[in-house]
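Chemist:
Residue numbers (the working numbering), protein chains in the order written: chain S, 1 to 192; chain C, 1 to 211.
1) Given 8 Å as the limit, is there contact between the segment 132-150 of chain C and the segment 165-175 of chain C, that is, 3 or more CB pairs closer than that?
2) In chain order, what residues of the segment 145-172 of chain C put their CB closer than 9 Å to some CB of chain S?
3) If we define contact as Cβ-Cβ less than 8 Å, is residue 182/S a contact residue for chain C?
4) Per DSSP, what are the beta-bridge partners of residue 165/C in this structure?
5) With C-beta atoms as the reference, is residue 110/S less than 8 Å away from residue 138/S?
6) Whether or not the segment 139-151 of chain C and the segment 109-126 of chain C are in contact is what I'm after, with contact meaning three or more pairs of Cβ atoms, one per stretch, closer than 8 Å; do they touch?
7) Would a check of beta-carbon distances place residue 98/S closer than 8 Å to chain C?
8) Measuring alpha carbon to alpha carbon, tell me which of 97/S, 113/S and 26/S ends up nearest residue 107/S.
9) Name, please, each residue of chain S whose Cβ falls closer than 7 Å to the Cβ of residue 42/C.
10) Is it the case that the Cβ atoms of residue 155/C and residue 34/C are separated by a distance below 8 Å?
11) Under the three-state reduction of DSSP, which class applies to residue 9/S: helix, strand or coil?
12) Please say whether residue 55/C and residue 77/C have beta carbons closer to each other than 8 Å?
13) Would residue 160/S count as contacting chain C if we go by Cβ distances under 8 Å?
14) Provide the residue(s) that pair with residue 175/C in DSSP beta bridges, ordered along the chain.
15) Can you give me the Cβ contacts of residue 127/S inside the same chain, cut-off strictly under 6 Å, excluding the 5 residues immediately before and after it?
16) Name the chain C residues whose beta carbon is nearer than 7 Å to that of residue 143/S?
17) Along chain C, in chain order, which residues have C-beta atoms closer than 8 Å to that of residue 85/S?
18) Would you say residue 179/C and residue 37/C are within 8 Å of each other, going by their C-beta atoms?
19) Quick one: grab the DSSP three-state call for residue 204/C.
20) Rounded to the nearest angstrom, what separates residue 31/S and residue 117/S at their Cα positions?
21) What does the Cβ neighbour count give for residue 48/S, buried or exposed, with the cut at 16 atoms within 10 Å?
22) What do you reckon, is the C-beta of residue 139/S under 7 Å from a heavy atom of the ligand NAD?
23) Quick one: grab the DSSP three-state call for residue 84/C.
24) Anything in chain C within Cβ reach of residue 63/S, meaning under 7 Å, just list it in chain order.
25) Taking only the alpha-carbon atoms, compute the straight-line gap between residue 144/S and residue 59/S and give it to the nearest angstrom.
26) Thinking residue 90/S and residue 75/S are a contact (beta carbons under 8 Å), I'd like their distance in whole angstroms, please.
27) Helix, strand or coil for residue 39/S? Go by DSSP, reduced to three states.
28) Write down every uninterrupted run of the beta strand (DSSP E) in the segment 99-158 of chain S whose length is 3 residues or greater and which is fully enclosed by it, in chain order.
29) Hey, could you find the ends of the beta strand (DSSP E) residue 61/C is sitting in?
30) In three-state terms, what does DSSP make of residue 4/S?
31) Counting only Cβ pairs nearer than 9 Å, list the residues of chain C close to residue 169/S.
32) Label residue 188/S either buried or exposed according to how many other C-beta atoms from any shown protein chain fall within 10 Å of its C-beta, with 16 as the threshold for buried.
33) 8 Å is my cut-off, CB to CB: does residue 25/C come that close to chain S?
34) Specify the secondary structure class of residue 71/C as computed by DSSP and reduced to three states.
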């Protein structure tokens, strides 16, 4: 009887250790999926012009250090509503980031090739007609995430975009973009 | 009695950690052949008679052995010629990567390679102010150069490649004289081309075969 009691005690001890280990499972690990939607503010360097974007992001972590992400920016025009260099300047990016993580803190740098769909404004460029163009882009990014728990995180992200609109009248697309807000996250893979 | 408990404790510990030991041992494999990678790329085109331009695209890789890899790519490059003409290149092709240094192999962070290959290319030149005036040609090209992987994890690398692409086709020339612009068939193939510097991101998705 005493043997059984001691075995049961050992079993429960083992289960407790397992539970403590499970509680200490890090959030930032392989299988973490991060999604966010926010308003992004931007500054078009060549035109010295500010604009807003609707910014969406889906990112998957292949390890605690590496992630792959797809991002979309939908141009909402400039904040003052005055004449802009572009009728629209939407863009799409796909790339990866390298993360420096400590507990729930996640600092990262990344590189994302992409493409933009642009149409120049006829008003400010002395054009009768303007056509829609697709332009290759390259972007580098730098950001920080703080994972509050298994489901939410705060984020800030800055991005430098390089490219050129080569339709109708050439325009430099180099732009600085900044996004911040609350994002959602889940761990799609269980710890082994 | 105490010894029995120690045995049981050891047994439970072994059960807990044996699975992770097994996983670690499966990760160690001397052969790299069969890996299929996928990723995106940005390309800077320079030293061309068109000027300098930026491109974007994607690629996949199939590794044939520890020393030989293959790269299958597609990209789109847009070049602004003197703010008057847009020159667009569409490339689809393949390259072989050879890793010459035995000591600089995966999993070393820096893994240099020699690259050479072939591609099909389509070039269209358009006068920006008159989009209806354009000229295009299909062609073939060969490319060769040097590059290196930066292996940042077991499955992920960033690669930088610098290669010269020679077009084996008649070029289209943009002749610009003040406001007069003409698009004309160029001279016969004369080993002209462009220097392509590519930054690519690659993730090893799965192994097609295991040696």
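Heads up, the beta-carbon is just placed ideally off N, CA and C, and yes, glycines get one too.
Modeler: Per the coordinate set shown:
1) yes
2) 152, 153, 154, 155, 156 and 158
3) With its beta carbon at least 8 Å from every one in chain C, residue 182/S lies outside the interface.
4) 143/C and 194/C
5) no
6) Verdict: yes, contact present.
7) Residue contact with chain C for residue 98/S: present (Cβ-Cβ distance below 8 Å to some residue of chain C).
8) 97/S
9) Those within 7 Å of residue 42/C in chain S are 113 and 138.
10) Going by C-beta atoms, residue 155/C is not nearer than 8 Å to residue 34/C.
11) Helix, per DSSP.
12) yes
13) no
14) 182/C
15) 168
16) Those within 7 Å of residue 143/S in chain C number zero; the least Cβ separation is about 17 Å.
17) Under the 8 Å cutoff, chain C gives no residues; its nearest Cβ is about 15 Å from residue 85/S.
18) no
19) DSSP places residue 204/C in strand when its eight states are reduced to three.
20) 32 Å
21) Per the 10 Å Cβ criterion, exposed.
22) Among the components of this structure there are no ligands whatsoever, and the ligand NAD is therefore not found.
23) The answer is coil: DSSP assigns residue 84/C none of H, G, I, E or B.
24) 153
25) Cα to Cα, residue 144/S sits roughly 14 Å from residue 59/S.
26) 5 Å
27) strand
28) 105-120 and 132-147
29) 53-63
30) helix
31) Counting only Cβ-Cβ distances below 9 Å, residue 169/S has contacts in chain C at 83, 128 and 129, in chain order.
32) exposed
33) Note that residue 25/C scores 38 on pLDDT, short of 50, meaning its location in the model is unreliable; the coordinates nonetheless yield the value given after this. So no, residue 25/C is outside the interface.
34) Residue 71/C: strand per DSSP, three-state reduction.
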